[in-house]
Structures are given as C-alpha cells and as structure tokens.
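Protein chains: 2
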Amino acid sequence: MKLVEDLTNDPAGLSGANISKFFQHLGNFDWNHIKATRYKDEEGSWKGVSRRVFTGETGESPQFHVRYFEIDKDGYSTLEHHQHEHVVVVMRGQGHAIVGERRLELKFGDVLYVAPNEIHQFSNGKEEPFGFLCIVNADRDRPVPVELGAESSCR
Amino acid sequence: MKLVEDLTNDPAGLSGANISKFFQHLGNFDWNHIKATRYKDEEGSWKGVSRRVFTGETGESPQFHVRYFEIDKDGYSTLEHHQHEHVVVVMRGQGHAIVGERRLELKFGDVLYVAPNEIHQFSNGKEEPFGFLCIVNADRDRPVPVELGAESSCR
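As you go down the protein sequences, you meet chains A and B in turn.
Take the first sequence: its position 28, counting from 1, is numbered 28 in my numbering, and each next residue is one higher.
Take the second sequence: its position 90, counting from 1, is numbered 90 in my numbering, and each next residue is one higher.
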C-alpha cells in the first residue's frame, strides 16, 4: 500500500476530475490548494467576507457544495433570503446570526440550519475572524437581498 | 426584534417541521437536542463509532444530510465503498483515512472528498476521540462492505 499525505499531489485532482481530494488544513484556517475569493462581486450589502469552496467547483458530483466563509472584525454578510437552505457549522471565532426574527450568538461547534426563505445575516463583532462552513444544494436559487431600513438596527 | 439563544426552544423544531434550527455546541462535542446513536446496526465490521445527525432526519428539505461521527481510541469504521460521495471535515482529535490505495493522516480542519465507488475507512489510534463531519447526498445508495483479507493490514 502506497502512503501519501495529499491525494491532490496528483495535479489531475485540481483540474476538474471527479477523484478523491484532500485539502490539508495548514493552520490559521488556510488550506492546501484552496484560495480565498470575494464573497460577492457586488459591493454595498456586505463587508469583510471571504469565501473558500472545497467541493462543488472542481468536478465533484455530490448534490451539495461545501464552502468556508470568514468574516473579519466588524464585517457582515448580506441580509438576504432564498429558497435554498443553509447548514452552518462554526469553525473559528464567534459571531452573530440573524435568522428571521431571532438573533443568535455563535461559537465553535454550533450548528445552524436556515430553513427555506428565512431572512438571515451573519456578522462578527470580535477581533478574531469568524469562520464557518456553509453547506448548500448544488442546484440553488440566487439570494434576494433585503433592503436595509427597519432591519438595519438588527445588525 | 426578539432575542433568543436557541431556535429550538420552539418544540416544533424538534418534531419534524422544516423550520430553522439551532444546535448549540455544549462543549466536549456534545450538542443541544442531538443524541449520539450507533454507527450501524450490524456488528463485526466496525468498532467504537458513534453517529449524530444534525440535518436530514427531522423534516429538513436539503438534498444533503449533515452528520458528525466520532471514533473512540482503537476504533474504526467499516472498510466499504458506495456510489455516493463523502465530504469529511475533521472537528476533533486525529485519525487516519484509507481512501483507495492511499492512507492519510487527518487532523483538525482537514477536508477530504471521497469520490464515488472509492474504498474508504476511518480509524483512530490516539487516546482522544477522532471526530468529523460527514456530508452525504440525502438520496444515496447503501454501502458495500469490503471483505477483510489483504486489506486488513492497512488498518
């Protein structure tokens, strides 16, 4: 039996093949072969959020995508709703979620299921980045932002 | 805006309704409203593995299920294959995965994608439990165990 530390030493693993892949955590919430990208192209509704995609954009076949989002100090995601569900698992730091009319404190290991069409937003008021996995259906609708007004006080 | 710490204070959240749910991490990899169950009914092919299901068995609608598995010292999951994919994210301790002909060391934050039909097994040789999220399609085939023989030396 061959022993390797990283299945993705095979460059085919990075070029869109549906083969097993290993994304090693290098520490400090950085991963081998995974690049942080912008949360969204459009500005204005969010601040200080990055996005990493582990599964879903490089040839994998599951009916779900696994991503890691990180929110910097004083950052927040868009207040929005959509038909598709979120499952969030906190990996780093602490933050808040608005879900419908509720506001939750989130810390390591907490798991949140956001049901279809529920208005939601994530934010970080601490120094340390607030990082969480966010799992969604592969086939999903586009988010609809909520106009800030009465809601802006909830952040 | 109402502030609550736990969406599942609403008992409807536990009775199979497709509403938002919050599973608070109580520490030591135990969660509010989540019970550990047996990994599999059948004995023999595995040892010391427990299973917790966050999403998929209580009325949620996504096309995926989110579970947490924990393997005790010297425990191991079944050496098996199936058509459906796994995405594994390590939350606790350290362990090993056999994936095809490879053997990987896994620790906190590592992410592993197991492609369709790849033979795989997880094991723990340390004192601390080895715990990981395992995300799968909601609609999936049954695992096929691999008879131990030549492979048994790989554990």
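For glycine and all other residues, C-beta sits at the position ideal for the given N, C-alpha and C.
The structure presented is a predicted model; accordingly, all values stated were derived computationally and were not measured.
Cβ-Cβ separation, F130(A) to Q94(A) (assumed contact under 8 angstroms), whole Å: 6 angstroms
Burial state of N137(A), where buried means 16 or more other Cβ atoms lie within 10 Å: Around the Cβ of N137(A), a 10 Å sphere holds 16 or more other Cβ atoms; the residue is buried.
Where F122(B) falls: helix, strand or coil (DSSP): strand
Beta carbon proximity, I135(B) to chain A, threshold 8 angstroms: yes
Opposing strand residues paired with V87(A) [DSSP bridges]: Y113(A) and I135(A)
Start and end residues, beta strand (DSSP E) containing Y39(B): Careful: Y39(B) lies outside any beta strand (DSSP E) and carries neither H nor E.
For R157(A), three-class secondary structure by DSSP: Summary: the structure shown does not reach residue 157(A), with chain A confined to residues 1 through 155, and so no result is reported for it.
Terminal residues of the beta strand (DSSP E) in which L79(A) lies: Where L79(A) is concerned, there is no enclosing beta strand (DSSP E), given that its DSSP letter is neither H nor E.
CA nearest to the CA of N124(B), picked from V90(B), L26(B), I71(B) and F108(B): I71(B)
Sequence-distant residues of its chain with Cβ nearer than 7 angstroms to I34(A) (five each side left out): F23, R52 and F54
Whether V144(A) touches E43(A) by CB criterion (8 angstroms): no
Test item: CB-CB of V87(A) and V66(B) under 8 angstroms: yes
Selection of the segment 103-126 of chain A by Cβ proximity to chain B, strictly under 9 angstroms: Within the segment 103-126 of chain A, the qualifying residues are R103, L104, E105, L106, K107, F108, G109, D110, V111, L112, Y113, V114, A115, P116, E118 and H120.
Under the three-state DSSP convention, the category W31(B) falls into: strand
Contacts of G100(A) in chain B (Cβ-Cβ under 8 angstroms): S20
For E128(A) and G100(B), the rounded distance between their alpha carbons: 38 angstroms
Residue of F108(A), R102(A), D41(A) and K126(A) minimising C-alpha distance to T78(A): D41(A) is the residue among F108(A), R102(A), D41(A) and K126(A) whose C-alpha sits nearest the C-alpha of T78(A).
Cross-chain neighbours of H25(A) in chain B, by beta carbon under 8 angstroms: Simply V90, K107, F108, G109, D110 and V111.
Alpha-carbon spacing of G109(B) relative to H82(B), whole angstroms: 25 angstroms
Contact with chain A by T55(B), beta-carbon distance below 8 angstroms: yes
Residue from F69(A), K21(A) and L26(A) whose Cα sits closest to the Cα of G48(A): F69(A)
Minimum C-alpha distance to G16(A) - residue among A115(A), G56(A) and T37(A): Closest by C-alpha distance to G16(A), out of A115(A), G56(A) and T37(A), is G56(A).
Closer than 8 angstroms to chain A by CB, S61(B): yes
Burial state of L92(A) (16 or more Cβ within 10 Å): Checking the sequence, you will find Arg at residue 92(A) rather than Leu. Flag for R92(A) reads buried.
Integer Cβ distance of S20(B) from Y76(A), believed to fall under 8 angstroms: A Cβ-Cβ distance of about 19 angstroms is found for the pair S20(B) and Y76(A), leaving them out of contact under the 8 angstroms criterion.
Secondary structure of P143(A), DSSP reduced to three states: coil
Buried versus exposed, by CB contacts within 10 Å (16 or more), R38(A): Exposed: under 16 other Cβ atoms inside 10 Å.
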